[in-house]
Every structure is written in structure tokens, then in C-alpha cells.
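According to the working numbering, the sequence shown is numbered sequentially starting from 680.
All C-beta atoms in this analysis are idealised placements derived from N, C-alpha and C, irrespective of residue type, glycine included.
Note that the coordinates shown come from a computational prediction; the quantities given were computed from them, not determined experimentally.
Data block below; observations after.
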Amino acid sequence: MNGEVRQRGPRTRLRLSVAVLAVVAAVGLVVGALVVFTWMVDETHFDRPDAGFDRLESQLDGLPGVSVDASERWVEAPTFSGPTSWISLAVDQTNLPRLLEAACGMEYRDPVTWSLRVRTDAGDVVSVHTDAVHTDAVHTDAVHTDAVHTDAVAPERAGDDPRCIDAGFDIVAVVGQVDRLRLGIDLQPTIWESGRFALVAIDAASDDLLTMLPLVAHADELRDSAGLDPDRLIEINAPSLGIVIEPGEQDRHLALLSELAGEHGARSVWADDGTTQIDGIAKVQVVAPPGEHSAIEEAIRASGLSFAGYPVRFLPSGSD
Numbered sequence: 680m681n682g683e684v685r686q687r688g689p690r691t692r693l694r695l696s697v698a699v700l701a702v703v704a705a706v707g708l709v710v711g712a713l714v715v716f717t718w719m720v721d722e723t724h725f726d727r728p729d730a731g732f733d734r735l736e737s738q739l740d741g742l743p744g745v746s747v748d749a750s751e752r753w754v755e756a757p758t759f760s761g762p763t764s765w766i767s768l769a770v771d772q773t774n775l776p777r778l779l780e781a782a783c784g785m786e787y788r789d790p791v792t793w794s795l796r797v798r799t800d801a802g803d804v805v806s807v808h809t810d811a812v813h814t815d816a817v818h819t820d821a822v823h824t825d826a827v828h829t830d831a832v833a834p835e836r837a838g839d840d841p842r843c844i845d846a847g848f849d850i851v852a853v854v855g856q857v858d859r860l861r862l863g864i865d866l867q868p869t870i871w872e873s874g875r876f877a878l879v880a881i882d883a884a885s886d887d888l889l890t891m892l893p894l895v896a897h898a899d900e901l902r903d904s905a906g907l908d909p910d911r912l913i914e915i916n917a918p919s920l921g922i923v924i925e926p927g928e929q930d931r932h933l934a935l936l937s938e939l940a941g942e943h944g945a946r947s948v949w950a951d952d953g954t955t956q957i958d959g960i961a962k963v964q965v966v967a968p969p970g971e972h973s974a975i976e977e978a979i980r981a982s983g984l985s986f987a988g989y990p991v992r993f994l995p996s997g998s999d
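Quick look at the structure:
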């Protein structure tokens, strides 16, 4: 009929309701996916309490000379499964062996990521961090697995008790060597994924190359005390120094750096083969007085070290 307004029937209204619900559901899914993606990018931690983990923390905190600085047990998006356990401990050198032995005997069977701060008798600090290695064994919160631990960077140690604090090297011997050397810097020995034995001094001064020379002079002694092979590459990573010492090069490194710092006033030196650089270009980067640039480049060229042929770039200093 002309001019007549037709009313929507029940079927039309139903279709509209279904369409609206579908749109709302789709928007909800998109929003939910974005939220989960944000959690993944931010590595948001969701607490997963466990009575066994709490007992482990309490037992460790009760050991002589040991204190638990922080601990956490959590899961992450998107699976929200396979909890990660992390404990940060402070311990003195005398009680370090007792801590390592006690950790191997604890009842908690899940892999644990450990962070240790060991104060030597001489007052230096050695930091050790180990990553928990998860196996393919099915994990449940109610039952702890007896999965075999394998160390990604020290396969020769695979098969050790998974409860033990295993850094891939002899922690007690390295701490003892640091104490004897009295380097005067906080040191973090570790093994990179590449297999290099790294001596990291992130809290050292950023413009005082001279303070790093004792570490260069004794790098091989620290590697040997760690129980590693003499052909293992040693990386020194600090705000004022970045080098990789190849077998047989330690004395030449020390001679060059002593000349650069002592005779030419170099404050920082970083030599890189390009693998850690954004531009992928091998180079030596130096902070030094402008008047010494030519002499420094000449000394690097004459050193015969593995980076002697790299381009040398001089960086500005805040005090220049």
C-alpha cells in the first residue's frame, strides 16, 4: 500500500540482533588478542604461587651467610603454563660452598633461574646468573618433574642434578681467584651462547681504561680457575673496554692497552668484529684526546692483534 510504513518482522529483528552480537564478539576477540599480544611483548609476569617454591626460599634464607634478596614464580602469555622460578641470593665467600651444596639437596625439583651476589673476603663482588633449562617433560604445579638438566653452554656438565646451581664453570674457584687478585671491580663471569667466557664489569667507570688493565692482565688466570680449556675465547665487556682475547693474544692486548691509556690518554676502547653491531661493520672505537688520534691508530695497526686491520673510529667524550 502506498505511503504505508512496513514494520520489521521477528525474523528481521533476530537477524539484526545476531549481526550485532557477531560484531561485538569480533571486536572482543580483536581486543583480547591485542591485550594478549601486549602481554607477550612486555613479557608481563602473572604470579603462580607454589608451596614448594616458598619452602625452598625459606630454606635458603635460613642458611648461614645467605639472604634471599628477591624471588618470583610466574607464567607468561600466551600459554600461561610452564612456570618460571627465579631466586636472587646474596652470600659471602666463606658460605658459598655450603650454599651450592645445600641447593643440590633441596626438595624443589623444578628448574630455577639463579642470581648470586658473592662478596669476597677482600670486599669485591662477583655476580653469577644461571638460566633454568626446561626439558620436554610435562610440567604440573602439583607434581614436580625429575627432568634431566642440560646446560646449553656447558654440555659436558649435562646430567648433573637439576637442582644444583650450575653456571657452566667452577663458581667457587673463580670467586677465590677474584679474591686473590683484588681487582677492585665488581665482576660478572658468564658464558655467552657463543661459548665465550665473558668477564663483565658493567658497574666500572665508563672513561677509565686504566682501571681495566689488571683484569686484562689476569684474564687467563680467571679462565683457568673456571675450569675451562685454554683455547676458550675470553671476552672483556665493560663501559670502557670491549675486547675478545684469542689464545696467545693476552700479552699483546695488555701491551697495546697500556700504551693507549698510559701514553696517549685513551679513556675507552671497544673492538668488535661487527657481529654485535647494528651496521654489521667490524671496527675499533676509541675515546681519546684529539691530538693523540694518529698515534693511537698507528699503535693499533702495529699491534698484530686480530682487530689491527679494522677501521678505527674516534668517539667524542663528554669532557672534550
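At the level of alpha carbons, what is the spacing between residue i and residue j?
i: I957; j: V853; result: 33 Å
i: H972; j: S937; result: 16 Å
i: F965; j: R992; result: Looking at the sequence provided, one finds Val at residue 965 rather than Phe. Distance between the alpha carbons of V965 and R992 is about 6 Å.
i: A883; j: S996; result: 17 Å
i: V715; j: G761; result: Reliability fails at V715, whose pLDDT of 45 lies under 50, so the model's placement of it is uncertain and the value that follows must be treated cautiously. Distance between the alpha carbons of V715 and G761: 17 Å.
i: V770; j: G863; result: 18 Å
i: R980; j: G959; result: 21 Å
i: A978; j: R727; result: 57 Å
i: T814; j: W871; result: With a pLDDT of only 47 at T814, under 50, the local geometry of the prediction cannot be trusted, and the value read off the model is given with reservation. Looking at the two C-alpha atoms, the distance is approximately 20 Å.
i: T653; j: A961; result: Beyond the ends of the chain as shown, which are 680 and 999, falls residue 653; an answer cannot be given.
i: A826; j: D789; result: With a pLDDT of only 30 at A826, under the threshold of 50, the placement of this residue in the model should not be trusted; the figure read from the coordinates follows. Using only the alpha carbons, I get a separation of about 8 Å.
i: R911; j: Q867; result: 17 Å
i: M719; j: W753; result: Note that M719 scores 47 on pLDDT, short of 50, meaning its location in the model is unreliable; the coordinates nonetheless yield the value given after this. Cα to Cα, the separation comes out at about 13 Å.
i: S1026; j: D748; result: This structure cannot speak to residue 1026, because the chain is shown only from 680 to 999.
i: R734; j: D810; result: 21 Å
Could you check how far apart the C-beta atoms of residue i and residue j are, in whole angstroms? I think they sit under 8 Å.
i: L775; j: V791; result: That belief does not hold up - the Cβ atoms of L775 and V791 are roughly 17 Å apart, past 8 Å.
i: D849; j: S767; result: Going by Cβ atoms, the distance from D849 to S767 rounds to 21 Å, so no, they are not a contact pair.
i: W765; j: I844; result: About 12 Å; that fails the 8 Å criterion.
i: Y787; j: F725; result: Not confirmed; about 20 Å, so no contact.
i: A917; j: H943; result: So it is not a contact: roughly 19 Å between Cβ atoms.
Tell me where the beta strand (DSSP E) around residue i begins and ends.
i: G731; result: Where G731 is concerned, there is no enclosing beta strand (DSSP E), although the alpha helix (DSSP H) it sits in stretches over 730-740.
i: R980; result: Note, R980: premise wrong, no beta strand (DSSP E); alpha helix (DSSP H) at 972-981.
i: A940; result: Segment 929-943 is the alpha helix (DSSP H) holding A940; no beta strand (DSSP E) there.
i: L768; result: 763-771
i: S947; result: 947-951
i: P868; result: 867-870
i: A877; result: 876-879
i: G863; result: Taken as a continuous stretch (DSSP letters only), G863 belongs to no beta strand (DSSP E), as it is neither H nor E.
i: T809; result: 804-809
Of the choices the options, whose alpha-carbon is the least far from that of residue i?
i: E755; options: T763, L878, A978; result: T763
i: S919; options: T954, H897, A967; result: A967
i: V745; options: L778, G874, R727; result: L778
i: L939; options: R902, L892, W871; result: L892
i: M785; options: W949, D951, D840, I924; result: D840
i: D952; options: E942, F732, L935, I924; result: I924
i: D908; options: V879, G959, G874, D740; result: G874
i: L888; options: I913, G921, E780, G847; result: G921
i: S947; options: T809, D800, L935; result: L935
i: E914; options: T890, A950, A945; result: A950
i: Q772; options: V963, R902, P743; result: P743
i: D800; options: V851, E780, S750, C783; result: V851
Which residues bound the alpha helix (DSSP H) around residue i?
i: P776; result: 775-783
i: E786; result: Looking at the DSSP string, E786 is not in any alpha helix (DSSP H), and its letter there is neither H nor E.
i: G855; result: 850-860
i: E900; result: 898-904
For residue i, is the beta carbon positioned less than 6 Å from some heavy atom of the ligand ATP?
i: L888; result: The ligand ATP is not among the ligands present in this structure, which contains no ligands whatsoever.
Meets three-Cβ-pair contact criterion under 8 Å: the region 971-988 and the region 925-932:
Yes, the region 971-988 is in contact with the region 925-932.
Would you say the region 856-866 touches the region 795-805, given that touching needs at least three Cβ pairs under 8 Å?
The region 856-866, when compared against the region 795-805, does touch it at the 8 Å Cβ threshold.
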